[in-house]
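Heads up: the sequence shown begins at 8 in the numbering used here, then just goes up one per residue. All C-beta atoms, glycine included, are put in the ideal place defined by N, C-alpha and C. Being a predicted model, the structure only gives us computed values, none of them experimental. Below is one structure, written out as structure tokens; comments come after it.
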Amino acid sequence: MAGIMKGKVALVTGGGSGIGRATALRLAREGAKVMIADYVPEGAERTVKLIKDAGGEASCLVADVAVTRQVEMMVNKTVETYGRIDGAFNNAGIEGAMGDTAACTEENFDRVIAIDLKAVWLCMKYEIPQMLKQGGGAIVNTASIAGLLGFNNIPAYVAAKHGVVGLTRTAALEFAQKNIRVNCVCPGVIRTPMVERAIDKGGFTEAEVIAGEPIGRLGQPEEIAEGVLWLLSDASSFVTGHPLTIDGGWAAR
Numbered sequence: 008m009a010g011i012m013k014g015k016v017a018l019v020t021g022g023g024s025g026i027g028r029a030t031a032l033r034l035a036r037e038g039a040k041v042m043i044a045d046y047v048p049e050g051a052e053r054t055v056k057l058i059k060d061a062g063g064e065a066s067c068l069v070a071d072v073a074v075t076r077q078v079e080m081m082v083n084k085t086v087e088t089y090g091r092i093d094g095a096f097n098n099a100g101i102e103g104a105m106g107d108t109a110a111c112t113e114e115n116f117d118r119v120i121a122i123d124l125k126a127v128w129l130c131m132k133y134e135i136p137q138m139l140k141q142g143g144g145a146i147v148n149t150a151s152i153a154g155l156l157g158f159n160n161i162p163a164y165v166a167a168k169h170g171v172v173g174l175t176r177t178a179a180l181e182f183a184q185k186n187i188r189v190n191c192v193c194p195g196v197i198r199t200p201m202v203e204r205a206i207d208k209g210g211f212t213e214a215e216v217i218a219g220e221p222i223g224r225l226g227q228p229e230e231i232a233e234g235v236l237w238l239l240s241d242a243s244s245f246v247t248g249h250p251l252t253i254d255g256g257w258a259a260r
């Protein structure tokens with residue numbers, strides 16, 4: 008397989024399903040060697056099989072990205088396997104429990120912040136030194152339109168995703184002259200297992216969600232993958248610190 012990621016190594020967290028899987032497949036199609044990290048081994052293994060069946064190269068490992076030693080292991084294992092990390096997609100995340108700010112429990116708030124925000128920082132904490140050592144790289148973090156706008160009944164998620172946007176901009180400025188670019192994607196409502204769970208828990212229908220989308224449908228994971236591919240590739244060489252909104256026009260209203 009050859010393409011714009013030929014000869015590069017990519018690390019994808021949360022690569023066992025949804026946006027992570029779609030992005031891993033897309034990166035592999037463009038020639039990247041891909042390390043899939045996920046909390047659920049069956050999902051990661053399935054993604055690897057899909058890549059290999061299509062003629063690509065991939066490996067996987069199990070990691071909880073909210074645990075420091077596991078993130079360190081994940082980065083080290085990727086380098087041991089492939090020699091470097093040219094692109095990192097820090098994508099793993101959860102939606103948490105639904106409920107307004109007063110109803111949100113401390114346990115839920117802490118868990119969502121740990122996985123959706125702290126874990127992004129932890130990943131960059133270990134990815135960036137490796138990229139400095141090898142002379143550069145590109146990082147994409149998964150934020151959300153909930154990192155740009157307010158949404159009812161998901162206060163911890165909104166807080167975490169706003170934090171990811173801010174963290175992305177800060178790291179981008181810090182390492183702009185070190186040949187490391189840091190950006191994030193801000194997906195709208197994408198047809199993933201997480202969104203399907205959120206619809207079920209939120210007590211609203213898919214039709215109601217679609218009615219709120221200017222483009223008139225839910226997004227597909229593959230549409231986010233295209234944005235991540237561009238941000239990780241040399242095609243976006245002058246782009247850093249940018250929250251790329253891929254949302255069917257939701258945030259434009």
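Q: Whole angstroms is fine: what's the gap from residue 68's alpha carbon to residue 121's?
A: What you label residue 68 is simply residue 61 of the sequence shown in a count that begins at 1. What you label residue 121 is simply residue 114 of the sequence shown in a count that begins at 1. Cα to Cα, the separation comes out at about 20 angstroms.
Q. If you draw a straight line from the C-alpha of residue 26 to the C-alpha of residue 259, how long is it?
A. Against the sequence shown, residue 26 aligns to sequence position 19. Against the sequence shown, residue 259 aligns to sequence position 252. Across the structure, residue 26 and residue 259 are spaced so that their CA atoms are roughly 22 angstroms apart.
Q.
So within the region 70 to 108, which uninterrupted beta strand (DSSP E) runs reach at least 3 residues, ignoring any that extend past its ends?
A. If we require 3 residues or more, the beta strand (DSSP E) runs fully inside the region 70 to 108 come out as 94 to 97.
(Q) For residue 190 and residue 249, I'd like the C-alpha separation in whole angstroms. (A) Position 183 of the sequence shown, counted from the start, is the residue given in the question as residue 190. Position 242 of the sequence shown, counted from the start, is the residue given in the question as residue 249. Residue 190 and residue 249 have their C-alpha atoms roughly 5 angstroms apart.
Q: Spatial neighbours of residue 36 within its chain, please: CB distance less than 8 angstroms, with the 5 preceding and 5 following residues excluded, ordered by chain position.
A: Here residue 36 refers to the residue found at position 29 when the sequence shown is read from its first residue. Here the set comprises 8, 10, 61, 63.
Q: Could you check how far apart the C-beta atoms of residue 165 and residue 192 are, in whole angstroms? I think they sit under 8 angstroms.
A: Locating residue 165 in the sequence shown gives position 158, counting from the first residue. Locating residue 192 in the sequence shown gives position 185, counting from the first residue. That belief does not hold up - the Cβ atoms of residue 165 and residue 192 are roughly 16 angstroms apart, past 8 angstroms.
Q. Taking one C-beta from the region 193 to 204 and one from the region 138 to 158 each time, how about it: are there three or more such pairs within less than 8 angstroms?
A. The answer is yes - the region 138 to 158 touches the region 193 to 204, with three or more Cβ pairs under 8 angstroms.
Q. From 51, 238, 101, pick the residue whose C-alpha is nearest to that of residue 175; which is it?
A. The residue given as residue 175 occupies position 168 in the sequence shown. Per the C-alpha coordinates, the member of 51, 238, 101 positioned closest to residue 175 is 238.
**Q.** Secondary structure of residue 12, DSSP reduced to three states
**A.** In the sequence shown, counting from the first residue as 1, residue 12 sits at position 5. Here residue 12 sits in coil by DSSP.
(Q) Between 136, 52, 171, which has its C-alpha nearest residue 128's C-alpha? (A) For the purposes of this step, residue 128 is identified with residue 121 of the sequence shown, where counting begins at 1. Residue 128 has its Cα closest to that of 171, out of 136, 52, 171.
Q | Selection from 45, 15, 22 that minimises the alpha carbon distance to residue 38 | A | What you label residue 38 is simply residue 31 of the sequence shown in a count that begins at 1. Comparing alpha carbon positions, the residue from 45, 15, 22 closest to residue 38 is 15.
Q | Proximity below 8 angstroms, CB of residue 34 to CB of residue 12 | A | To locate residue 34, count along the sequence shown from 1; it is residue 27. To locate residue 12, count along the sequence shown from 1; it is residue 5. Yes, these two residues count as a Cβ contact at 8 angstroms.
Q. By the 10 Å Cβ neighbour count, where 16 or more other Cβ atoms means buried, how is residue 90 classified, buried or exposed?
A. Taking the sequence shown and counting its residues from 1, the one referred to as residue 90 is at position 83. Classification of residue 90: exposed, given that the 10 Å Cβ count is below 16.
Q.
Closest to residue 95 by C-alpha separation, out of 132, 73, 107, would be which residue?
A. Within the sequence shown, the letter at position 88 stands for residue 95. The residue among 132, 73, 107 with its C-alpha nearest the C-alpha of residue 95 is 132.
Q: Check whether the region 201 to 218 touches the region 99 to 107, counting contact only when three or more Cβ pairs, one atom from each stretch, lie closer than 8 angstroms.
A: Taking 8 angstroms as the limit for Cβ pairs, the verdict is that the region 99 to 107 does touch the region 201 to 218.
Q | Residue closest to residue 45, alpha-carbon to alpha-carbon, out of 223, 78, 257, 21 | A | By 1-based counting over the sequence shown, the position of residue 45 is 38. Nearest C-alpha to residue 45: 21.
Q.
Considering only their Cβ atoms, is the gap separating residue 54 from residue 232 smaller than 8 angstroms?
A. Residue numbering aside, residue 232 sits at position 225 when the sequence shown is read from its first letter. Residue numbering aside, residue 54 sits at position 47 when the sequence shown is read from its first letter. Contact flag unset, no.
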